[in-house]
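First the structure, in the form of structure tokens, and then the observations on it.
Protein chains in written order, with the working numbering: chain A, 39 to 293; chain B, 1189 to 1271; chain C, 76 to 685.
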């Protein structure tokens, strides 16, 4: 290995190691509050992709920066460079490594994350809420899973979506038939799906801590699909409280 | 190019247009009257037939077949480079 | 002022055409017993477009032929007047595109600054004061579609139009009159878009999803018509370039001797030809919904419309479209790196195959824009896999780029600085794309500022930087004058720094949970947004050295030699600027265009210079 390649490799390894250490130490601070078990899956995926992407980034930066400095020609140098013969090995090894990295990322965290996020699909939820979007407010109906009747109904920008801790919550989401596309997103839970007029979409979130909007603004429902003039303000606060307080709240707010 | 007269060429054009029109009517009937896999199969076949007619008679792709294979060969095996 | 006569005639005939079209629509709707409504605008616009085209010169040079009447043949020489009428010289058409799109770019950039002023704080304060005519959503949508138009059309309609026939040793493109047509539909597109605020604006974003797009103000109809028209321009341009590259190469230019930039434009043209029809049809369906009341996307009355249909059709074009934007950028990147490193393009064969692998793959990944749309679950996995796979051929292009400058003799001129900037920017853009291709992370990041930062890194950092690289690279050839190298370098460095500061910072509100297309947001995100805005203003300022350089060099620039960069491709083997017929004699190609360091390889032989 000649001198230039050696130096670049060393700088690359050094830069990657430093970067990975920083990611390891401060990676968790990149994320908003993790209000659900799904959030842990999503954030873990994000961190892993950052860790895998860092060496690629460092390689391009290092090689390019080094080449710019080391292989500059003087202003009065009019000769061409020596044509480097095509190293088949270099091209093939690049292709093989990039393919391997790509396939790895597809499986982990791609498929593994996807399967984990879908793992609750066949479980009966602890709380079932029907959500309807209409320009520009959300309506929430807490459904009794035995009678399939709504027990509590809240709507409007001032309403707070109250949820119990350590529970699997299923949202069945739609938009009014005559209305437009909206999207139901709770940043703290890392779950999002569109509200489509004429069909129902479904979202699962498993709460894992007590928290609320006052503590962290990510405890909110935010419309995430442009729906017109008041799209920016189509939101509700979210509050996760203990299971017994939740039972009390349901009783107090029964229709 | 072609040794046919303008009249013959125009006739081919009209035949193709009418054929496309008839095929579209069949498509409409199939879309409303059939369902499931049968509908999917019939509509797909009709789409392929219509596409072929258009590609051959409106886009004249058959006449430039040699240039296209030439191009593909060029992409796969650019001849000149010393590699 | 009779140089502006064609424009005047165009406007007059446009007005006549509009009245005729509106009259026809009034007649039809009255017969059908419907209120005329927006059909007046739709058919009126079609009439106006035809009138405009005929008026600016298409009738006298082309249309008259269809009716057996004699046509005028312009000699295409002479001053500024030839740019203001229907012209068939590819060099004129190229400059028409470039100047029009430069104006559009600066306008759209100004809109972006306006957006950042609003977004600097959490409250919606700026746009409330501007009253009813403008509202944030319209400005944001206009910024989007105008920049998309610039991104799609500048490298191909502007630069490739001018340079590609020269590069392959041809006298013009295969269909010069279609070329002229492709350009002259662009001013109506710009006019329609700028008229939207008067018709209530359009608050749908450039993606214009129904049902909102079918229900909202009339400005949305103008947007749909504009986008449709632009699609026509794109399709015709794609057709033209494919025919040109396949049939008009100079004698001796086998496929193995075709420059990399030409390959990349060919690949982009294939996409433009095949994919654009889909979005045109999607837009047409929305127009039909608005004007005749059909409901493809509207589920009311139990007739089963579905908004997701549009999303699929729209993205079936719009994803390949981004490769129309980026492939010529990659081709140009390699061309410049080879010239300024005095080394052949590394792994030329692999690069060509990578371009076409990207073309193929780009058609089967569109649903990654629909991961959170509620589409069927079974589609998620396959589209995730296919999307991730595009990183492999893209990686090959990076391999070629880095290996081309490795051990070269780098002449650090402005075009090379921009080329290196593209490489670094697109690394970040491409890597952040993986976060969006992977479904677990995409669920959180979709519709946030993370996506906005990602596509600005790829489109601006990749393609707009390539536009500037092209401007500095081919400025001597097109204008016959040299630009100021120092100012060019200042522009490159400033723009690279401010661009990265702005959009690197922008990833943070994205991963912090700020969604996009909003004019107000929680106060806690004000600080970071304020910072992005400040960097954005600095980036806007970084264009000043460029504008000064452009004007000053056009007026006082030193005369440019035929081949200031000592490049090997054919456009540099003729005068700067080229004569009307491009070459005195068509050169004969005798070798690859990358014979740096190897005196046995000669790209071309001509009688004058070789």
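Just so you know, even glycine gets a beta-carbon here, dropped at the ideal spot from N, CA and C.
Per-residue contacts from residue i into chain C (C-beta, under 9 Å)
i              : result
residue 169/A  : Within chain C, no residue comes near residue 169/A; the closest Cβ sits about 13 Å away, beyond 9 Å.
residue 1262/B : 329, 330, 331, 333, 427
residue 57/A   : Those do not exist, as residue 57/A stays about 13 Å from chain C at its closest Cβ, beyond 9 Å.
residue 280/A  : Within 9 Å Cβ-Cβ: nothing; residue 280/A doesn't reach chain C, min ~25 Å.
Residue from the options whose Cα sits closest to the Cα of residue i
i              : options                    : result
residue 453/C  : 94/A, 238/A, 153/A, 176/A  : 153/A
residue 436/C  : 655/C, 484/C, 503/C, 345/C : 345/C
residue 219/C  : 534/C, 446/C, 316/C        : 534/C
residue 117/A  : 201/C, 287/C, 485/C, 104/C : 485/C
residue 1244/B : 1200/B, 1192/B, 1223/B     : 1200/B
residue 161/A  : 206/A, 136/A, 108/A, 247/A : 206/A
residue 217/A  : 372/C, 603/C, 399/C        : 372/C
residue 622/C  : 89/C, 161/C, 174/C         : 174/C
residue 1264/B : 190/C, 304/C, 428/C        : 428/C
residue 473/C  : 287/A, 138/A, 133/A, 158/A : 133/A
residue 117/C  : 102/C, 96/C, 110/C, 109/C  : 96/C
residue 439/C  : 475/C, 559/C, 530/C, 393/C : 393/C
residue 126/A  : 369/C, 102/C, 424/C        : 424/C
residue 167/A  : 151/A, 155/A, 145/A, 190/A : 190/A
residue 239/A  : 82/A, 195/A, 107/A, 208/A  : 208/A
Spatial neighbours of residue i in its chain, beta-carbon cut-off 7 Å, leaving aside the 5 residues before and after
i             : result
residue 479/C : 409, 412, 413, 416, 418, 420, 421
residue 532/C : 500, 503, 504, 507, 578
residue 284/C : 382, 385, 386
residue 82/C  : 131, 159
residue 450/C : 383, 442
residue 685/C : With a pLDDT of 40 at residue 685/C, under the threshold of 50, the modelled position of that residue is not reliable, and the figure given next carries that caveat. For residue 685/C, where only same-chain residues beyond five positions count, the Cβ hits under 7 Å are 677, 679.
Cβ shell of residue i (< 6 Å), same chain only, five flanking positions each side left out
i             : result
residue 180/C : 225
residue 192/A : 178
residue 196/C : 601
residue 187/C : 218
residue 650/C : 637
Interface partners of residue i on chain C, CB under 8 Å
i             : result
residue 187/A : Under the 8 Å cutoff, chain C gives no residues; its nearest Cβ is about 24 Å from residue 187/A.
residue 99/A  : 499, 502
Where residue i meets chain C, residues with beta-carbon distance less than 7 Å
i             : result
residue 269/A : 592, 593
residue 256/A : 588
residue 110/A : 485, 487
residue 70/A  : 587, 588
residue 221/A : 447, 522
residue 147/A : 513, 515
Contact set between residue i and chain A, taken where Cβ atoms lie within less than 7 Å
i             : result
residue 334/C : Under the 7 Å cutoff, chain A gives no residues; its nearest Cβ is about 17 Å from residue 334/C.
residue 425/C : 129
residue 68/C  : Nothing in the structure corresponds to residue 68/C, since chain C is present only between 76 and 685.
For residue j and residue i, believed in contact at Cβ under 8 Å, the rounded distance
i             : j             : result
residue 24/A  : residue 513/C : One cannot answer for residue 24/A here, as it falls past the ends of chain A, which runs 39 to 293.
residue 168/C : residue 255/C : 6 Å
residue 648/C : residue 662/C : 6 Å
residue 222/A : residue 230/A : 7 Å
residue 403/C : residue 343/C : 5 Å
Same chain only: Cβ atoms within 8 Å of residue i, ignoring 5 sequence neighbours per side
i             : result
residue 240/C : 165, 246, 247, 248, 319, 323, 657
residue 463/C : 509, 512, 513
residue 518/C : 446, 447
residue 112/C : 104, 366
residue 138/A : none
residue 559/C : 624, 627, 628, 632
residue 362/C : 117, 296, 299, 300, 303
residue 520/C : 510, 511, 526, 585, 586
Under 7 Å from the C-beta of residue i: neighbouring residues of chain B
i             : result
residue 321/C : 1255, 1259
residue 431/C : 1263
Neighbouring residues, chain A, relative to residue i (Cβ below 9 Å)
i             : result
residue 510/C : 83, 84, 87, 88, 91
Residue i: contacting residues in chain A (beta-carbon distance under 8 Å)
i             : result
residue 221/C : What residue 221/C touches in chain A: nothing, since even the nearest Cβ is about 17 Å away.
residue 473/C : 98
Contact test: residue i Cβ vs the ligand SAH heavy atom, cutoff 7 Å
i             : result
residue 371/C : You won't find the ligand SAH in this model; it holds no ligand whatsoever.
Open item on the list: Just to confirm the assignment: which complete alpha helix (DSSP H) runs, minimum length 4, are found wholly within the region 595 to 657 of chain C?
Closed with: 601 to 616, 619 to 631
TODO: Scan the region 391 to 437 of chain C and note each continuous alpha helix (DSSP H) run of 4 residues or more that stays entirely inside, going in chain order.
DONE: 423 to 437
Open item on the list: I'd like the ranges of any beta strand (DSSP E) spanning at least 3 consecutive residues and lying wholly in the region 176 to 216 of chain C.
Closed with: none
TODO: Please list the segments of the alpha helix (DSSP H) lying wholly inside the region 272 to 336 of chain C, counting only runs of 4 or more residues, in order along the chain.
DONE: 287 to 290, 294 to 322
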